[in-house]
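Its first residue numbered 219, the sequence shown is counted upward by one per residue in my numbering.
Every residue gets a Cβ at the ideal spot worked out from N, C-alpha and C, and that includes glycine.
From a predicted model like this one, the values you see are computed outputs, not experimental measurements.
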Amino acid sequence: MKNLFKNFFLILIIFLTISYLFSLYSTQNTPVEKIGLEKLVQEINNEEVASITVKGDNLAIVLKDNRQQTAYKEPGESLSQLLRNYEVSPEKMTAVNVKIKNDSTATIILTTILPLLIPILVFAGLFYFIMRSAQGMNNRALSFGQTTAKEVDRHKNKITFKDVGGVKEAKEELREVVQFLKQPKKFTDLGAKIPKGILLLGSPGTGKTLLARAVAGEADVPFFSLSGSEFVEMFVGVGASRVRDLFKKAKKSAPCIIFIDEIDAVGRRRGAGLGGSHDEREQTLNQILVEMDGFETNTNVIVMTATNRPDVLDPALLRPGRFDRQVVLDEPDIKDRYDILKIHAANKPLAKDANLQLVAQRTPGFSGADLANVLNEAAILAAKKNKKIIDNEDLLVSIEKVMLGPERKSRLLSDKEKEITAYHEAGHALVTHYLPHTDPVQKISIVARGQAGGYTLKMPEQDKHLQSKQEFIEEIAVLLGGYSTENIIYNEVTTGATSDLRRATSLARRLVTDYGMSEKLGPRTFGEKEEMIFLGREIHEQRDYSEKVAEEIDQEINNFIHQARMMAEEIINNHRQEVEALAHELIAKETIEKDDFEKMVGPKPLA
């Protein structure tokens with residue numbers, strides 16, 4: 219910024235100087251009317267001349283009407299002698315104010331040298347700035363190899379373990395690292411070695427970066443933060459050079475922590491791809507491995523990295539001596555969610571009826587980032603309504619917004635489409651309500667949210683980690699509840715069930731191919747899958763079974779779906795009047811909450 223201001227100031231000075239000199243020169247050469255000596259004599263005789271300024275052989279004439287003229291006389295001849303030769307009377311000569319002005323040295327320089335000086339100054343200025351720019355480009359080229367890591371100010375916005383909700387086991391694991399950094403002698407006297415690397419594993423939004431900053435805050439040591447992608451540039455060798463520079467800076471600030479987010483950008487398994495970009499990435503990874511191994515011991519530099527793709531990391535990166543600790547951050551359970559909500563709600567004015575425990579109960583599967591987003595959306599919603607505090611309604615609506623997207627009340631449905639949607643959602647709700655192993659219904663709505671035309675919101679009363687075959691089949695029945703209701707009421711189905719059918723088919727296939735729950739095919743899995751562990755996606759699947767087995771798999775999928783469909787249709791047929799009542803209530807009110815729903819159909823039967 220300082221150099222930019224300096225260059226701008228120099229450009230401004232040169233520009234103003236040239237402009238001033240040019241204007242001065244151009245003023246001196248302002249074009250005026252040129253006349254001969256005969257006309258000058260005639261104007262003097264007619265008493266039209268106010269003054270004449272003699273500058274060498276040049277006569278600057280000012281008429282009484284303020285017009286300017288110029289004339290030239292013979293060299294060596296005075297003005298008075300010239301006028302006498304033209305027989306101008308002394309009285310006429312006396313009436314004219316005559317001034318004699320000799321050119322100064324500065325004027326001579328400006329009028330003679332300036333036309334040559336201006337181009338020289340312009341080209342010299344251009345040459346200077348071109349050379350400065352070239353020098354700057356060279357400096358920037360040399361700086362490519364310098365690390366882009368940012369040292370976080372540990373005294374500003376300091377984060378400790380108190381600011382991290384949940385992840386109790388992870389915090390306990392990392393407290394040992396804090397003790398290593400605070401009191402290394404206590405451990406080294408017993409022959410213990412300080413951990414060189416810690417790998418934080420977890421789904422997106424579980425607080426990996428926040429936890430790394432909390433470790434630095436607890437230990438009160440310098441914290442260098444950067445992303446794995448920052449090592450990779452268009453020039454070969456830049457990544458390795460930045461790694462060397464990063465560790466050089468870190469060792470000067472030891473004890474300290476280096477945090478590399480998304481390490482999978484440079485830490486992928488070597489030899490996994492083709493092309494020069496992979497060679498450059500491997501070179502960067504090799505340099506990281508060398509720096510972490512090194513010949514130096516007890517440098518008190520701890521490398522912390524985070525990733526949600528541990529399956530693609532190079533085995534050499536994960537071996538003991540490099541990343542000694544692998545800390546897994548799970549999705550928060552209901553108590554952890556409540557603790558996280560309290561932390562994020564600390565700076566927000568909540569109403570007395572704001573029930574964070576209810577929010578925690580209604581947000582299973584939400585990460586810490588999701589919960590922070592829920593509270594932020596609630597604050598935005600309250601501000602839109604010109605409220606001074608955030609109430610419970612704002613919190614519950616924000617949960618639905620984060621899960622399903624914003625309401626689309628502008629989406630206009632015909633009366634027929636609204637009726638079909640109402641029956642569809644009533645079917646989902648009743649099947650959910652009467653099956654013994656499904657979660658309780660919290661809300662039914664035919665107001666479009668996100669890509670959903672309507673929705674039935676059901677939430678578990680407690681966190682689940684295991685599911686049985688019967689629970690899966692009932693979940694498929696719930697997904698087919700809307701489809702079955704449309705078929706029973708209208709004797710045909712619409713495209714509104716497309717997403718439900720896709721999810722039901724996927725779940726039935728997983729029952730057969732992943733969970734070994736098919737009695738016919740037995741307890742085995744089918745297909746070698748490569749999955750993104752913490753992202754919940756399959757990259758590809760390698761088929762390891764015959765065509766005959768594939769046909770049997772399809773048959774078993776059909777059997778599971780048929781079994782679930784029979785469940786759903788039985789409930790709809792047995793509770794036809796309740797379906798009608800729910801659908802009419804939805805058409806009238808568009809939304810039915812849990813309490814109103816249970817008043818209409820009774821409490822959920824016990825399993």
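Pairwise C-alpha distance: residue j and residue i
i, j, result
"arginine 487", "aspartate 529", "9 Å"
"leucine 568", "isoleucine 608", "5 Å"
"aspartate 275", "isoleucine 338", "31 Å"
"valine 819", "methionine 677", "18 Å"
"aspartate 762", "alanine 726", "19 Å"
"lysine 822", "glutamate 692", "15 Å"
"alanine 768", "threonine 731", "10 Å"
"phenylalanine 815", "valine 546", "40 Å"
"isoleucine 262", "serine 269", "10 Å"
"arginine 499", "aspartate 381", "35 Å"
"alanine 666", "threonine 674", "11 Å"
"lysine 282", "lysine 291", "22 Å"
"glutamate 808", "phenylalanine 398", "59 Å"
"lysine 404", "threonine 427", "28 Å"
"threonine 743", "glycine 420", "25 Å"
"alanine 801", "serine 632", "15 Å"
"glutamate 690", "arginine 728", "Strictly speaking, residue 690 in this sequence is phenylalanine, with glutamate absent from that position. Rounded to the nearest angstrom, the two C-alpha atoms are 10 Å apart."
"lysine 636", "glycine 714", "11 Å"
"tyrosine 652", "valine 521", "53 Å"
"valine 267", "serine 307", "14 Å"
"leucine 531", "leucine 392", "22 Å"
"lysine 619", "alanine 410", "50 Å"
When the options are compared against residue i, the one with the closest alpha-carbon
i, options, result
"asparagine 709", "Ile638, Val767, Tyr673, Lys661", "Ile638"
"lysine 470", "Phe477, Glu448, Pro440, Ser459", "Pro440"
"glutamate 737", "Ile771, Lys376, Ala437", "Ile771"
"alanine 670", "Arg626, Gln505, Ala268, Glu689", "Arg626"
"lysine 389", "Gln575, Thr743, Ala437", "Ala437"
"alanine 838", "Ile476, Pro654, Ile662", "The structure shown does not extend to residue 838, since the chain is modelled only from 219 through 825, so no value can be given for it."
"lysine 319", "Asn303, Arg285, Ala278, Pro308", "Ala278"
"proline 538", "Gly425, His655, Pro413, Asn792", "Pro413"
"leucine 613", "Ala640, Ile253, Asp571", "Asp571"
"glutamine 685", "Gly734, Leu408, Ala644, Gln260", "Gly734"
"valine 272", "Lys605, Pro308, Gln287", "Gln287"
"serine 616", "Ala600, Asn705, Lys606, Gln575", "Ala600"
"valine 280", "Lys317, Glu305, Ser298", "Lys317"
Under the three-state DSSP convention, the category residue i falls into
i, result
"isoleucine 790", "helix"
"aspartate 813", "helix"
"arginine 431", "helix"
"asparagine 263", "helix"
"methionine 522", "strand"
"lysine 682", "coil"
"glutamine 287", "strand"
"isoleucine 476", "strand"
"threonine 271", "strand"
"glycine 699", "helix"
"isoleucine 707", "helix"
"asparagine 315", "strand"
"leucine 547", "strand"
"leucine 408", "coil"
"valine 665", "coil"
"serine 361", "Low confidence applies to serine 361: its pLDDT is 49, below 50, so where it sits in the model is not reliable enough to give any reading."
"isoleucine 279", "strand"
"glutamine 299", "helix"
"glutamine 660", "strand"
"glutamate 251", "strand"
"serine 307", "coil"
"isoleucine 694", "helix"
"arginine 487", "coil"
Same chain, Cβ closer than 8 Å to residue i, neighbours up to 5 away in sequence not counted
i, result
"alanine 722", "Ile694, Leu697, Leu698, Ile779, Ala782"
Contact belief for residue i with residue j at Cβ below 8 Å, rounded distance in angstroms
i, j, result
"alanine 786", "valine 649", "5 Å"
"valine 797", "isoleucine 805", "Contact doesn't hold; Cβ gap of about 13 Å is too wide."
"phenylalanine 442", "leucine 464", "7 Å"
"valine 461", "glutamine 505", "4 Å"
Beta-carbon proximity list for residue i, same chain, < 6 Å, skipping 5 on both sides
i, result
"glutamate 611", "none"
"glycine 446", "Ile478, Glu480, Ile481, Ala483, Val484"
"leucine 301", "Met311"
"arginine 431", "Ile377"
"alanine 647", "Val659, Ile662, Thr674"
Cutoff 7 Å; reference residue i; Cβ partners in own chain excluding five residues on either side
i, result
"alanine 597", "Lys566, Ile608"
"phenylalanine 513", "With a pLDDT of 46 at phenylalanine 513, under the threshold of 50, the modelled position of this residue cannot be trusted; read the value that follows with caution. Closer than 7 Å at the Cβ level, and outside the excluded window around phenylalanine 513, lies no residue."
"glutamate 774", "Val730, Ser736, Lys738, Leu739"
"glutamine 544", "Leu417, Leu419"
Check: residue i C-beta below 8 Å from any heavy atom of the ligand NAD
i, result
"tyrosine 673", "As presented, the structure is devoid of all ligands, the ligand NAD included, so that no description of it is given."
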